[in-house]
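Engineer: Add 88 to the 1-based position in the sequence shown for my numbering, that's all there is to it. Below is one structure. I have some questions about it.
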Amino acid sequence: MARDKSNNTLMEKLTSLCKRRGFIFHSSEIYGGINGFWDYGPYGTALKRAVEQLWWSYMVETRSNVEGLDSTVICHPKVWQASGHLDKFGDMMTDCKECKARHRVDQMEDSKKCPNCGSDNLTEPREFNLMMKTFVGPVFDEDHAAYLRAETCQPIFIDFHHVRVATRQKLPFGIGQIGKAFRNEINPRNFTFRSREFSQMEMEFFCKEEESMEWYEYWKEERINFYKNELKFKDDEIRIHDHGDQLAHYAKAALDIEFLFPFGWGELEGVHHRGTWDLTQHQEFSGESMEYFDQESNSKFIPTCIETSVGVDRTILALLCNAYDEDKAETKKEGKAEDGRVVLRFPAKLAPVQAAILPLSKKLADPAEKIYKDIRKHFRAEFDITGSIGKRYRRQDEIGTPYCVTFDFDSLDDNSVTLRDRDTMAQERISADKIIDVLREKIGY
Ligand code: ATP
Numbered sequence: 089m090a091r092d093k094s095n096n097t098l099m100e101k102l103t104s105l106c107k108r109r110g111f112i113f114h115s116s117e118i119y120g121g122i123n124g125f126w127d128y129g130p131y132g133t134a135l136k137r138a139v140e141q142l143w144w145s146y147m148v149e150t151r152s153n154v155e156g157l158d159s160t161v162i163c164h165p166k167v168w169q170a171s172g173h174l175d176k177f178g179d180m181m182t183d184c185k186e187c188k189a190r191h192r193v194d195q196m197e198d199s200k201k202c203p204n205c206g207s208d209n210l211t212e213p214r215e216f217n218l219m220m221k222t223f224v225g226p227v228f229d230e231d232h233a234a235y236l237r238a239e240t241c242q243p244i245f246i247d248f249h250h251v252r253v254a255t256r257q258k259l260p261f262g263i264g265q266i267g268k269a270f271r272n273e274i275n276p277r278n279f280t281f282r283s284r285e286f287s288q289m290e291m292e293f294f295c296k297e298e299e300s301m302e303w304y305e306y307w308k309e310e311r312i313n314f315y316k317n318e319l320k321f322k323d324d325e326i327r328i329h330d331h332g333d334q335l336a337h338y339a340k341a342a343l344d345i346e347f348l349f350p351f352g353w354g355e356l357e358g359v360h361h362r363g364t365w366d367l368t369q370h371q372e373f374s375g376e377s378m379e380y381f382d383q384e385s386n387s388k389f390i391p392t393c394i395e396t397s398v399g400v401d402r403t404i405l406a407l408l409c410n411a412y413d414e415d416k417a418e419t420k421k422e423g424k425a426e427d428g429r430v431v432l433r434f435p436a437k438l439a440p441v442q443a444a445i446l447p448l449s450k451k452l453a454d455p456a457e458k459i460y461k462d463i464r465k466h467f468r469a470e471f472d473i474t475g476s477i478g479k480r481y482r483r484q485d486e487i488g489t490p491y492c493v494t495f496d497f498d499s500l501d502d503n504s505v506t507l508r509d510r511d512t513m514a515q516e517r518i519s520a521d522k523i524i525d526v527l528r529e530k531i532g533y
């Protein structure tokens, strides 16, 4: 069956698969769950780490002009005053007095009608700040209030000089960070798409004002290449939403990279020209200079910043939607009795399990396990001995394992194994000694 991206039951199927196979489930479910919070199970964790590692390698490790940072979730509260989050980071919300549903006004088709029950008995819209509040130290009063970061980038601005001095970087250069962010979203929904706790992968690139639009275009291209070449999203699954002249007062340009989710187009990433806004604000609020001394021109100025900001959880959700497939016809080709299969067609580099080693019989466990132990030194691997081989293939298809390595009785004599491809279901016999090399080539390391 062809994938139908507009099919809303796809979200239900995915949510259920994610729970059943240990990708993602509700946090604190035994207590009834907590809205907007999700746990990643074993396969979800492996996928998440692979996505983060891919981004880190693409954005930080393979570039000499981007450095890494791992800052705290809680910063000095003044950081959020300076960034404007305490004053302005909010949404307008309204409550329905009839059905008690709460809505974000900007997400309502008709701001006078409850999207849940159709009633017009709504409260006046009021501002709702999305910052999550906590207290630092033993006294729970306003003097000790602090906030969980609403985005990972503000600490990057705060640490700009520390990183610059420590690494002797000169403009242009960037600082990247992966970490948790928290927003008290009014209406968490669409599975992990809008969560209250989520992870971001952000990079702030500092440059001279006169070069900034070139860098903006450069990063826009780089990020699109990431989605197309690394995550294998197709042209009709991603699009650019340019903000045009709907810009923050300090911004010169901004765009969203959107993905076609089953519930419609949704933002995956923002690429923003932030001007000198953030560093200027922190200079003003802290009293510390955020200026950069440029030796070439013998002048001091506040660098201009281009930001790329993507949510890890939305990326994973997009990968899951993109990967999900059901095929009946192909199963018949393999000559199995099973009624079709569910398959997650993840790119092999990102699959939570990249190779599954399956001894045909329990009697073959020992020699097969030896191969498994070799393979797992190089790839994310799993050893599965229970159930018929057909069932085991289906299990691996369902979690997106690109390659299964089957060890049968002939393997004892000819030292060969069968390599089965998830997508084509083609099987080839290869020497057990070559398996690491073959997998390396196929997975693309
Ligand atoms: P939205 O308009 O969807 O609320 P945003 O424009 O506020 O998103 P940014 O502040 O630009 O988002 O954050 C950068 C990225 O962080 C987003 O593109 C998205 O991938 C991710 N993100 C933001 N809010 C959430 C959330 N509540 N849950 C999951 N990911 C999020």
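By construction, the Cβ of each residue, glycine as well, lies at the ideal position given by its N, Cα and C atoms. Computed from a predicted structure; not experimentally measured.
Out of H331, T211, Y146, P130, state which residue places its alpha-carbon closest to the alpha-carbon of H361.
Structural biologist: Closest by alpha carbon: H331.
Engineer: Less than 7 angstroms between C-beta atoms, sequence neighbours within five positions excluded: which residues of the same chain meet that for N410?
Structural biologist: Same-chain partners within the cutoff: F321, E325.
Engineer: Going residue by residue through the segment 276-348, where are the continuous beta strand (DSSP E) segments of at least 3 residues, counting only ones entirely within it?
Structural biologist: The segment 276-348 contains these whole beta strand (DSSP E) runs: 285-295, 326-330.
Engineer: For W143, which residues of its own chain have a beta-carbon under 6 angstroms away from its beta-carbon, when the five flanking residues on both sides are left out?
Structural biologist: Within the same chain, W143 has close Cβ partners M289.
Engineer: Which value, in whole angstroms, describes the spacing of the CA atoms of W303 and C163?
Structural biologist: Those two C-alpha atoms are separated by around 29 angstroms.
Engineer: Looking at C-alpha atoms only, which residue of V139, L210, I274, K200 is the closest neighbour of D179?
Structural biologist: Checking every option, the nearest Cα to that of D179 belongs to I274.
Engineer: So which residues put a beta carbon under 6 angstroms from any heavy atom of ligand 1, going in chain order?
Structural biologist: The answer, residue by residue, is E239, R271, E273, R282, S283, F286, Q288, E355, L356, E357, G358, S397, V398, G399, D401, R402.
Engineer: Which residues in the same chain have their Cβ closer than 7 angstroms to the Cβ of E535, if we skip the five residues on either side of it in sequence?
Structural biologist: In the structure as shown, the chain begins at 89 and stops at 533. Residue 535 is therefore absent and cannot be evaluated.
Engineer: So what's S152 in DSSP terms, helix, strand or just coil?
Structural biologist: DSSP places S152 in coil when its eight states are reduced to three.
Engineer: Enumerated in chain order, which unbroken segments of the alpha helix (DSSP H) with a length of 4 residues or greater are wholly contained in the segment 182-215?
Structural biologist: Fully enclosed alpha helix (DSSP H) runs of 4 or longer: not present.
Engineer: Could you check where the beta strand (DSSP E) with G478 kicks off and where it finishes?
Structural biologist: Not the beta strand (DSSP E): G478 falls in the alpha helix (DSSP H), residues 477-487.
Engineer: For Q442, count neighbouring Cβ atoms within 10 angstroms of its own Cβ and tell me buried if that reaches 16, exposed if not.
Structural biologist: It is buried - the Cβ of Q442 has at least 16 other Cβ atoms within 10 Å.
Engineer: Taking DSSP as the reference, what is the three-state secondary structure of L157?
Structural biologist: Of the three classes helix, strand and coil, the one that applies to L157 here is strand, per DSSP.
Engineer: Rounding to the nearest angstrom, what Cα-Cα distance links E212 and V193 in this structure?
Structural biologist: Using only the alpha carbons, I get a separation of about 10 angstroms.
Engineer: Relative to the C-alpha of P276, which candidate in T103, P447, G124 has its C-alpha closest?
Structural biologist: Ranking T103, P447, G124 by Cα distance to P276 puts G124 first.
Engineer: Quick check on R528: does DSSP put it in helix, strand or coil?
Structural biologist: Helix, per DSSP.
Engineer: For the beta strand (DSSP E) containing R109, list its first residue and its last residue.
Structural biologist: Counting along the chain, R109 falls outside any beta strand (DSSP E), and DSSP gives it neither H nor E.
Engineer: How far does the alpha helix (DSSP H) with Q169 in it reach, from first residue to last?
Structural biologist: Start and end: 165-170.
Engineer: For H250 and L157, I'd like the C-alpha separation in whole angstroms.
Structural biologist: Straight-line Cα distance between these residues: approximately 10 angstroms.
Engineer: Note down the Cα distance separating M539 from V431, rounded to an integer number of angstroms.
Structural biologist: Because the chain in this structure spans residues 89 to 533, residue 539 falls outside the shown range and cannot be described.
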